[in-house]
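Asker:
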């Protein structure tokens, strides 16, 4: 329908232009106003007005003048501002809590991990502890002049985006409402802008803070006590119809295998999850430990037969699940994060062999299996990154 | 970069407007020029010029005048033209060849199936026979005033869209170049606009000619001698990084199962593919038969224990592969087509039970398993539909 240029219509157009200019600054920074006009097709006057507004919001700032390729006088470039506007990322894991503050340039400015056994703890208690950790990092960030304008929390379970409930059997959470608890626990003045699955946010963490941009389309397997995957297609997260795509932990890898909390038998989690792996190697997984796989790595280094058998079984199961994922999704790359990244040198040969035997003759090869350099920190970074993405998508909404 | 209104720029803009107007006609037909101007935001003069051009191309035509909701004088509506511009769909299956001509309203106007054993036949011979069938339907379509402006072929294998080669182990084709053979076999004047996987085109056939629009995001399993799946997300086919997404036939459902031509063991195809199913039920799958599953259906109706055991095993395997597909992709609906559609009443209970046991407690339920009403005709319709989509995306390119 054609609409006259009413004030409402104009303000919608201005908001869209603001996003357009901010996106161009993010991609091409440092960038002059003249170049921004070329990139966006907007007039220089419009660009200048938008830059002024973004500057007032604390989202962009003047950068050092740069020579324009030697072709003339130095321009007056702008960049995304490394403050005061910032993002708060939070994570609940079975064995730790994490919080970080990143600025809009996606630099991680403050980060804390609290080792804590959350398996079976009451949700309210766990989220209270997460809130205390959040207040610590926010207060530390304030000293650096940073003001988080929103928070996203990563949880190790299926997050139903319609009802806002979380099912995380490994934590003992069943259709748990979390938004209210999180809002109450967050430092004053920081809105909760999202709750998402740990594996989804780990894949986005890799995309924004790690090597994800070089991986093409990728499946990132996040191995913890539970196992999930984040699926990145054309630089975006593939979420499925109800937000629960990527549940690779419940792909059946051994139909005669042990029962799983999901109702199935022989799910990947029951073969390659952290707790199962540790027990199979003869180790105790219940004690909260700063690095729960350190003991397993020591046994592997020492050539312990039981540890090697456990890892071989896990690697083979992982490869079998990857056969399903690769045949169904056809990615460029498979990325391992979480405990599987720590165990990569031992796991990958077994997983790659199983993957190579499954359908690769038809596909003409198998995707490379890579390791996340962010290891266990990917999800909390992805959570902060999602806040940054929200600021870029709606600077007037969050940053103001 | 801002570009002056050069003639090239203007012609690009006109081509975009032409697509915009045609798309609005397709969605809202019959529709008046005045309403088209509202829908597209273009001026009435521009819309009239575009409609005149589309009319000259044979792509749209005047429809019966309709009263505009009683609000005034009758408008002068246009609709997509049911001719002369048309689309040729082709399909090679292990047991038959198919060809059809559809018009741009997606009405199937001519359709022929030739029962023929293509398993192990030389590719050139098979494609020659397909060419003869194509000439028959094109000549029959010409009598109805239809002129196919392009052809798409559905093949039962992995189509590498970069190299244009097809690997279809069940046909005995290995990295076979097919474009040249197809071009030589096609009736004169009909360009080959695409070659695609049978399962992908079956899913698109369901979307455009069947009930796909009601299925939300869906995975359509195409059961033949091989088994593939087409993945439809937000009304578009999900193809993966190299065009081979949806290879559900090589998801491992029984790690100790029989070897598969793909290099794996216990792939879904080895448990639920047509040839395996027939043999397990004690039937001969080698004879080309007008309806190869008719014999199996008779045995099932008669309560034959061996036939029921074969279908139970296939259904359970299908359900196990669907656990992987549903956990990874999170669709609204699973659709069965091909032989699995014919066997649906016997297969679905077993498949649904296996699916229900795999991860459904975490997901909060399982997607419905539906049956394609197009059964074995879906892929050839999807092939014709892809030509129609190409005409709508570039009316000046194909229809002219």
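Protein chains in written order, with the working numbering: chain A, 172 to 571; chain B, 172 to 571.
A virtual CB, placed ideally from N, CA and C, is assigned to each residue, including glycine.
What in chain A is Cβ-close to residue 417/B, meaning under 7 Å?
Answerer: 499
Asker: How should residue 469/B be labelled, buried or exposed, when 16 other C-beta atoms within 10 angstroms of its C-beta is the threshold for buried?
Answerer: exposed
Asker: Pull up the DSSP beta-bridge partners for residue 330/B, would you.
Answerer: 337/B
Asker: From the DSSP secondary-structure annotation, give me the bridge partner or partners of residue 368/A.
Answerer: 326/A
Asker: Only counting the same chain, and skipping five residues up and downstream in sequence, which positions put a Cβ closer than 8 Å to that of residue 498/B?
Answerer: 529, 530, 534
Asker: List the residues of chain B whose Cβ lies closer than 8 Å to the Cβ of residue 331/A, in chain order.
Answerer: 535
Asker: Under the rule that 16 or more other beta-carbon atoms within 10 Å means buried, what is residue 508/A, buried or exposed?
Answerer: Buried is the label assigned to residue 508/A, since at least 16 other Cβ atoms lie within 10 Å of its Cβ.
Asker: Confirm, please, whether the CB-CB distance from residue 197/A to residue 279/A is below 8 Å.
Answerer: With contacts defined as CB atoms closer than 8 Å, residue 279/A and residue 197/A fail to qualify as a contacting pair.
Asker: Can you tell me whether DSSP reads residue 386/A as helix, strand or coil?
Answerer: coil
Asker: Among 223/A, 248/A, 516/A, 399/A, whose alpha-carbon lies nearest the alpha-carbon of residue 234/A?
Answerer: 248/A
Asker: Decide yes or no for the touch test of the stretch 509-518 of chain A against the stretch 335-352 of chain A: beta carbon pairs closer than 8 Å, at least 3 of them.
Answerer: no
Asker: How many angstroms separate the CA atom of residue 400/A from the CA atom of residue 409/A?
Answerer: 10 Å
Asker: Residues of chain B with CB closer than 8 Å to the CB of residue 502/A, please, in chain order.
Answerer: Contact of residue 502/A with chain B by beta-carbon distance below 8 Å involves 411, 412.
Asker: What does residue 528/B reach in chain A if we use C-beta pairs closer than 8 Å?
Answerer: Proximity of chain A to residue 528/B at the Cβ level (cut-off 8 Å) is accounted for by 434, 435, 436, in chain order.
Asker: Please list, in chain order, all residues of the same chain as residue 200/B whose beta carbon is under 8 Å from its beta carbon, the five residues on each side excluded.
Answerer: In its chain, beyond the 5 residues on either side, 234, 248, 249, 250, 251 have a beta carbon closer than 8 Å to the beta carbon of residue 200/B.
Asker: CB-CB under 8 Å to residue 294/B, same chain, minus the five flanking residues each way: which ones, in chain order?
Answerer: The beta carbon of residue 294/B sits closer than 8 Å to those of 342, 344, 347, 349, 352, all from its chain and outside the five residues before and after it, given in chain order.
Asker: Would you list, in chain order, the members of the stretch 467-494 of chain B that have their beta-carbon closer than 9 Å to a beta-carbon of chain A?
Answerer: Shown in chain order are the members of the stretch 467-494 of chain B whose Cβ falls below 9 Å from a Cβ of chain A: 487, 491, 492, 494.
Asker: Applying a beta-carbon distance threshold of less than 8 Å, which residues of chain B neighbour residue 388/A?
Answerer: 411, 412
Asker: Measure the beta-carbon distance from residue 330/B to residue 366/B and round it to whole angstroms, keeping in mind my assumption that it falls under 8 Å.
Answerer: 6 Å
Asker: Against chain B, which members of the stretch 341-363 of chain A pass a CB distance test of less than 8 Å?
Answerer: 346
Asker: Specify the secondary structure class of residue 196/B as computed by DSSP and reduced to three states.
Answerer: helix
Asker: Just the Cα atoms here: how many angstroms apart are residue 307/B and residue 362/B?
Answerer: Each residue's alpha carbon lies about 17 Å from the other.
Asker: Which residues in chain B sit within 7 Å of residue 187/A, going by Cβ to Cβ distance?
Answerer: Ordered by position in chain B, no residue passes the 7 Å Cβ test against residue 187/A, which lies about 15 Å from the chain.
Asker: For residue 405/B, is the classification buried or exposed, using 16 other Cβ atoms within 10 angstroms of its Cβ as the cut-off for buried?
Answerer: exposed
Asker: Could you give the distance in angstroms between the alpha-carbon of residue 192/B and the alpha-carbon of residue 526/A?
Answerer: Rounded to the nearest whole angstrom, the CA to CA distance from residue 192/B to residue 526/A is 48 Å.
Asker: Residues in its own chain within less than 7 Å of residue 224/B by CB, not counting five upstream and five downstream?
Answerer: 189
Asker: Between which two residues does the beta strand (DSSP E) carrying residue 439/B extend?
Answerer: Premise fails: residue 439/B is in no beta strand (DSSP E) and is neither H nor E.
Asker: Residues of chain A with CB closer than 8 Å to the CB of residue 206/B, please, in chain order.
Answerer: Chain A residues near residue 206/B: none, gap ~10 Å exceeds 8 Å.
Asker: Mind listing the chain A neighbours of residue 338/B? Cutoff is C-beta to C-beta under 9 Å, in chain order.
Answerer: Per Cβ cutoff of 9 Å: 532, 533, 534, 535.
Asker: Starting from residue 206/B, follow the alpha helix (DSSP H) in both directions and report where the run begins and ends.
Answerer: 204-211
Asker: Taking only the alpha-carbon atoms, compute the straight-line gap between residue 505/A and residue 392/A and give it to the nearest angstrom.
Answerer: 8 Å
Asker: Counting along the chain, where does the beta strand (DSSP E) carrying residue 257/A start and finish?
Answerer: 256-263
Asker: How many Å lie between residue 517/A and residue 479/A at the Cα?
Answerer: The straight-line gap from Cα to Cα measures roughly 8 Å.
Asker: What residues of chain A sit near residue 426/B, judged by a beta carbon separation below 7 Å?
Answerer: 425, 491
Asker: Which of the three DSSP states is assigned to residue 230/B in this structure?
Answerer: coil
Asker: Would residue 357/A and residue 562/A qualify as a contact pair, given that the criterion is a beta-carbon distance under 8 Å?
Answerer: no
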